[in-house]
Amino acid sequence: MTLILGIESSCDETAAAVVRDGRQALSSVIKTQIDVHRAFGGVVPEIAAREHLKLIDAIVDQAMHDAGCTLDQIDAIAVTQGPGLIGALLVGIAYAKGLAFASDKPLIPVNHVEAHVQGAVLGLDIPETELYPCLALVVSGGHTNIYYMPEPTVYELLAYSIDDACGESFDKVAKLFGLGYPGGPVIEELARQGHAEQYPMPRMMEQKNKLLFSYSGLKTYMVNLRGRHASQMNEQMLRDFCASFQEEALGQLVRKLDGASQQRPAARSILIAGGVAANQRFRALAQAKLKIPVYFPQLRFCSDNAAMIAALGYQHYVKADDTSVFKQLGWDAFSRYQFG
Ligand code: KG4
Ligand code: ZN
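Heads up: the sequence shown runs through residues 276 to 615, numbered per this note's numbering.
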């Protein structure tokens with residue numbers, strides 16, 4: 276049994292978790308700073324860093340307490356190295372380095388985006404041989420990437436967005452209709468009572484074999500649609516707009532995943548990660564239309580958390596020929612991808 280303590284502080288969530296064998300979260304503590312930043316209309320990096328500094332010690336203590344284990348029982352500590360807000364990252368990294376040095380534990384730097392993918396396998400009781408090779412979709416406010424993963428920690432980028440990310444398009448359309456931030460959950464809610472076939476959307480990047488995403492055209496289409504119907508706007512029309520937009524935004528994800536699985540027939544499964552993975556309509560569409568098993572993270576592991584950091588840290592740990600490499604504490608938030 277391998278126990279990894281994960282620490283995450285890349286943006287506006289301070290989080291710590293203890294994970295067993297890369298799969299079982301024994302604890303997961305997440306403190307979001309959303310209320311602190313709301314007044315500013317977005318995350319303020321300096322405030323985020325200071326909040327992390329205030330919270331991190333108590334959050335790690337809580338994660339250890341919830342998992343019912345002592346530092347002695349932990350095999351290694353994993354921490355988000357990047358990408359993220361530099362001041363925010365520094366807090367987690369400095370804290371983790373101190374803890375690792377004092378307790379003489381290996382410290383594993385982890386890439387945040389790659390870790391999101393590992394969030395999809397938390398709690399899953401399926402052997403790795405049935406999951407890999409796999410396709411992984413990271414779909415959030417900043418990314419719409421499909422990777423081919425022959426094995427854990429190995430990534431080949433197959434598709435990315437040439438303009439907006441999928442989640443970003445939900446946020447921009449929500450802003451257009453004055454629905455607040457983040458846009459995904461509120462659009463999903465309105466779409467539930469809307470008719471998706473009411474306003475046919477243009478299909479972006481229609482050629483399935485061309486593995487690129489595009490979302491800014493869909494947003495422009497919504498701007499024009501709103502303009503054309505401005506004088507007759509009502510509640511039901513807004514719901515229909517949301518449903519029609521959502522169907523195409525998610526449809527593009529499903530089409531490209533299908534295209535990727537045709538290009539990579541060796542893929543045994545699809546792992547989905549990132550904020551948009553929380554969307555229930557996306558889950559239903561993907562399960563219905565994709566031909567290989569699709570795994571979504573539990574809702575608590577869709578957005579930023581430390582269990583996914585520990586889960587990826589575990590993969591690096593078990594792969595290392597010599598774990599003493601993780602005792603070298605000379606790296607920082609700038610020396611990215613040092614370990615994969
Ligand atoms: O991964 P995430 O929490 O943060 C980063 O982008 O780093 O993703 C947030 C994004 C936002 O764009 C948000 O609108 C979108 O995920 N999102 C959703 C849903 N929940 C969050 N998009 C569609 N449907 C949802 N239910
Ligand atoms: Zn994230």
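Glycine is no exception: its CB is placed at the ideal position from the N, C-alpha and C atoms.
query, result
"Where PHE452 falls: helix, strand or coil (DSSP)", "coil"
"Alpha-carbon to alpha-carbon, LYS566 and CYS577", "23 Å"
"Proximity below 8 Å, CB of VAL414 to CB of ILE547", "yes"
"Residue list, Cβ distance to the ligand KG4 heavy atoms smaller than 5 Å", "SER415, GLY416, GLY417, GLY442, PHE445, ASP446, PRO457, GLY458, GLY459, PRO460, GLU463, GLY549, GLY550, VAL551, ALA553, ASN554, SER578"
"Unbroken alpha helix (DSSP H) run spanning ILE368, endpoints", "361-378"
"Classification of GLN308 by the beta-carbon crowding that lies within 10 angstroms, buried from 16 upward", "buried"
"Closer than 7 Å: HIS387 CB and nearest the ligand ZN heavy atom", "yes"
"Closest residue to ILE584 among LEU465, PHE571, ALA292 (Cα-Cα distance)", "ALA292"
"Run of the beta strand (DSSP E) containing GLN356, from where it starts to where it stops", "351-357"
"Heavy atom of the ligand ZN within 7 Å of HIS312 beta-carbon", "no"
"The stretch 447-456 contacting the stretch 416-425, beta-carbon criterion three pairs below 8 Å", "no"
"Beta-carbon gap between VAL385 and THR355 smaller than 8 Å", "yes"
"Rounded C-alpha distance that separates ALA369 from ASP607", "9 Å"
"Neighbourhood of HIS622 by C-beta, 8 Å cutoff - its chain only, sequence neighbours within 5 removed", "The shown model of the chain, from 276 to 615, leaves out residue 622, and the question about it has no answer."
"Inter-stretch contact at 8 Å, needing at least 3 Cβ pairs: the stretch 543-563 / the stretch 398-415", "yes"
"Beta carbon of THR419 nearer than 8 Å to that of PHE488", "yes"
"Rounded Cβ spacing between PHE601 and ALA351 (contact assumed at less than 8 Å)", "6 Å"
"For THR598, the three-state DSSP class (helix, strand or coil)", "helix"
"Distance cut-off 7 Å: HIS391 Cβ against heavy atoms of the ligand ZN", "yes"
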